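Let me begin by presenting the structure, written as structure tokens, before commenting on it.
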Amino acid sequence: MNKRLGKILTFAVVLGLGVLSSIPVFAADPATPEPSVVLTKTLVTPDKTVVTAPNVFNFEFEVVEDSFTPHGATTPDTSVTVPDITDQVVSFTPATDLGTTVDGTTTTYKQTGNLLEGITFPEAGVYKYLITEKTGTYVVDPATEELVYSTASYTLYVYVSRDADGNSIVDGGTVEDEDGKKVDPAPTTPLPGGGSNEVEAANGFNFTNIYRKQAGSITPPDPNNPEAGLVISKTITGDLSNTADEFTYSFLLADTPLVSGETYILSTPTGDITITPGTAATFTLKGGEQALLLNAPAGLSFRVVETDFGYYTPSNALELNGVTTTAESNVIAGGILGENSNRTDYTNNWETTTPTGIILNNLPYVILIAVAMTGFGAYIVNKRRHRA
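Count the sequence shown with mature numbering (1 follows the signal peptide of the UniProt record, and there is no 0) and you get residues -27 to -1, 1 to 361, in order.
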């Protein structure tokens, strides 16, 4: 009896597992479809005070081959016409968008409205769309500009049921990235005081674009080297100056989202140096020489420090985006590169010192002589009084 009961239970378990395995994926909706699904555009640009960046981006929704599956079905139903979702446009307005600027790089987040609104779905079930960003919507000048479009792609699932009257209603949607991982498509917090649809941060349904424009592209700091976005020059003066003397500098570029993962060339008289943002480099200059930072973008933050200048008296003149600016000190210069001329010109002076006045090392002897002379003078005066 017990053996027969055990066989019956075993058969029931196997049968139950078989039934469960036959249930289609779409029959089990995700934990909670979001009632409002929005996409985020993250735009990384140079500080908007130094460049004018592109401001319109487009996203398209593609109806893929297996775009509709009825609830409870195991295969897509190709007889149902899947409604189109209009291409979305995200626009940036420099005059009102705030963004967040750190070390010359501005990051701005904007979101669309609810992608599920205003669409009529003909049947209850799960609708599937592929979302990508359109490229080529902004025409760049390849000599001076670069716009890195997002290569991300997402799959949007829209869950539709029926109300009591049999009308289709949208329950919500979920979004997966290209690896099939669910991401958060819910709206984020609006940015206080920001522009239209500007938010504090991106959600998981995010497309990031990076816009770069070459520093010094409008007014080159060195017309003979149009690729140079920054010039660091050395001049020496004074009767003791020697053109063979070398001066050592430390050079650093800030590592920001604008240049993360990039490298740049600092061209010096002794050879090219590869500069990685966030890592300091060292170079030397002699009188009459200069170093050039090549093909660097506006909005890039730099810092130059003259670390060894011997007996010379150092000074420097700083120009950023075509405007004369006060440097941090006689040996430290830095700031944000702009579209116009950027340069820091170091001048070191070494003059012969001409002794004037009393040398401090001889001061004790001078005092002794002065005391002796005073005493001798007093003796002569006193002696004359006695004779009188």
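Even glycine gets a Cβ: it sits at the ideal position worked out from N, Cα and C.
None of the values given here were measured: they were computed from a predicted structure.
- In terms of CA proximity to V99, A46 leads the group V121, N179, L88 and A46.
- For the beta strand (DSSP E) assignment, the uninterrupted runs of no fewer than 3 residues enclosed by the segment 155 to 213 are, from N- to C-terminal side, 179 to 186 and 201 to 210.
- Distance between T299 and P67, taken at the CA atoms: about 28 Å.
- Within 10 angstroms of the beta-carbon of S169 lie fewer than 16 other beta-carbons, which makes it exposed.
- DSSP places T229 in the coil class of the three-state scheme, outside both helix and strand.
- Residue burial is scored here from C-beta neighbours: V304 has at least 16 other C-beta atoms within 10 angstroms and is therefore classed as buried.
- Three or more beta-carbon pairs separated by less than 8 Å are not found between the segment 209 to 216 and the segment 190 to 200, which leaves the two stretches without contact.
- I191 and F275 have their C-alpha atoms roughly 19 Å apart.
- Assigned with DSSP and collapsed to three states, T18 falls in strand.
- Contact between A253 and S206 is ruled out by a C-beta separation of about 20 Å, above the 8 Å threshold.
- In this structure, N87 keeps its C-beta atom at 8 Å or more from the C-beta atom of V62.
- In the structure shown, T317 adopts extended strand secondary structure according to DSSP, grouped into three states.
- Our two residues, E149 and A175, have alpha carbons roughly 16 Å apart in a direct line.
- Judged by their CB atoms, P165 and V11 are not nearer to each other than the 8 Å cut-off.
- Annotated three-state conformation of T347 is helix, per DSSP.
- Within 10 angstroms of the beta-carbon of I142 lie fewer than 16 other beta-carbons, which makes it exposed.
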